Each structure stands twice: as structure tokens, then as C-alpha cells.
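For the sequence shown, the positions run 111 to 358 when this note's numbering is used.
No residue lacks a Cβ here, since even glycine has one placed at the ideal position from N, Cα and C.
Since we're looking at a predicted model, the values are computed, not measured.
Here is the structure we will look at.
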Amino acid sequence: MGQRLTGRTCLVTAAGQGIGRATAVAFADEGARVIATDINESALASLSAARPDIAVERLDVCDRDAILAAARQHREVDVLFNCAGFVHHGTVLDVGEDDYDLSFDLNVRSAFRMSQAFLPSMLERESGRLLMVSSVASSIKGMANRCVYSATKAALIGLVKSMAADFVGQGIRVNAICPGTVQTPSLDERIAAQGGNPEDVRRAFVERQPMGRLGQPEEIAALVVYLASEESAFVTGQAFVIDGGLSM
């Protein structure tokens with residue numbers, strides 16, 4: 111167990127399960143004080159029971175007032191990991207107005223609002239890390255049935271590069287993580303929602319991965335820890351692909 115984040119305070123959104131939870135645990139294992147947030151209170155309770163060293167708080171990242179209140183309460187945050195997101199399945203012909211609004215609100219506007227709320231206190235200290243979960247299904251690679259999802263994830267990469275350029279001389283680093291398909295409860299829900307034989311649907315997800323397997327949340331968390339630590343002090347404005355060769 112390393113201690114690369116000793117003395118740092120890290121806030122994670124969507125920390126109740128999947129990549130968010132794995133990253134909250136990895137941050138804590140590296141010595142950080144971790145604030146794990148989610149809208150799913152039962153998932154937070156499960157995390158707290160397993161890891162009482164991690165502070166948990168309910169936070170709706172689509173609620174601007176709640177975000178501003180959290181930023182006022184936690185001005186000490188050094189690392190902000192925006193992990194909340196939603197995967198819509200379908201082509202441009204399948205995207206309804208509500209689907210479009212929800213996708214951009216949860217995948218993009220939440221990260222914009224979180225960054226806007228927590229960045230000022232980082233600038234006061236001239237030190238901060240802003241990290242976003244984008245995807246290889248974005249400006250990196252076109253993926254079937256991921257129209258609005260890919261649009262939101264491409265927008266996140268643009269947001270990352272813009273913020274990185276704006277604040278590179280003020281101690282702020284901003285980067286995106288772009289996973290391929292990762293084994294998470296969210297994936298299980300999407301497999302069930304597609305109907306048909308769940309094993310066939312899962313096999314299709316696996317077969318499109320050149321490595322012949324899905325990624326694990328802990329593998330993504332390891333990259334996030336690197337980007338949060340001083341080991342990556344010369345890195346900003348980048349979209350890090352971690353996809354098992356999917357985008358080759």
C-alpha cells in the first residue's frame with residue numbers, strides 16, 4: 111500500500127459503485143482523506159460499512175445549489191474526480207429530447223458545475239487536480255448505438271482541454287480518463303435493459319474488446335490515482351485511453 115496522496119483531500123462523485131467506488135478506495139489506500147458522494151444512499155452506506163475511513167455524503171450532481179453548498183463546505187478539496195455519468199443506447203434516430211437533456215445534464219453540465227464550484231479555492235492555493243471520466247466512445251472512436259453518449263463524452267474532452275489551457279500556469283492540472291468497456295453494476299443494468307439473452311449481450315461486449323475481456327474498476331482507479339498524484343506533475347490537458355485496445 112502506497113501513500114502517494116497523503117495530506118490530500120479527494121472528492122469523488124458517483125462513488126457508490128463501479129469506477130467511483132474503486133477510486134474512492136484507491137485514494138484512501140494512498141493516504142488521502144476521501145469524501146465519497148453519490149445520490150444512491152444505500153450504496154454510500156455499503157461503502158461506509160466496508161471502509162469507515164471514507165467520509166460519505168449524498169450529493170445530486172444535477173442540483174446546482176447542492177453543488178455550491180458542497181463547495182462551500184469543502185474548500186479544502188485538492189482533487190476533484192467527476193465520475194457521474196449515464197449511458198444512453200441508440201442512434202441519433204433513437205434520442206428523444208429528454209434523453210438528450212438528461213445525457214448532457216448528467217455527463218457534461220454536472221462536471222462543468224462541479225469544476226466551476228471547486229476551482230476557486232484551488233486557485234487560491236495555486237494547487238488542484240480536476241479529473242473527468244470521458245470514454246473512448248467520444249471524439250476518439252465512433253461506436254454504434256452511442257450517439258448522444260459519445261457527444262457528451264467528446265464535450266468533456268473539450269472541457270478538459272480548455273480548462274487545462276486556462277489554468278496551466280496557476281497550479282491546476284486537468285485531465286480526462288477514457289475507458290473502454292468496464293465491468294460495473296451500470297454495465298449489468300445496461301445488459302439487462304437490452305433484452306434477449308443476457309449472456310449473449312455480455313459476450314458481444316467482451317468480443318469487441320481486443321484483449322478478450324472487460325476492464326475492471328480497479329484498473330481505471332489506478333490511472334486516476336496516478337493523475338491525482340505528484341507522479342503526473344508534468345501532465346495536463348490530456349485524454350488518457352485505457353480500453354484494452356478497443357480504439358486501436
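- One alpha carbon belongs to C172, the other to S213, and they sit about 11 Å apart.
- Boundaries of the alpha helix (DSSP H) harbouring M224: 220-235, taken from the DSSP string.
- The residue from E299, V243, L178, I282 with its alpha-carbon nearest to that of E340 is I282.
- Note that the region 119-130 touches the region 178-197; at least 3 beta-carbon pairs, one per stretch, sit closer than 8 Å.
- By the Cβ criterion, the region 312-319 is not in contact with the region 267-281, since fewer than three pairs of Cβ atoms, one from each stretch, lie closer than 8 Å.
- Contact check for I330 against P289 passes: the beta carbons are separated by less than 8 Å.
- Secondary structure at D148: strand, using DSSP grouped into helix, strand and coil.
- Contact between the region 314-327 and the region 338-354 is established, with three or more Cβ pairs separated by less than 8 Å.
- The region 253-266 and the region 193-211 touch, with three or more beta-carbon pairs separated by less than 8 Å.
- By the C-beta density criterion, E186 is exposed, having fewer than 16 other C-beta atoms within 10 angstroms.
- Per DSSP, the unbroken beta strand (DSSP E) holding G238 starts and ends at 238-243.
- Under the three-state reduction of DSSP, F191 is assigned to strand.
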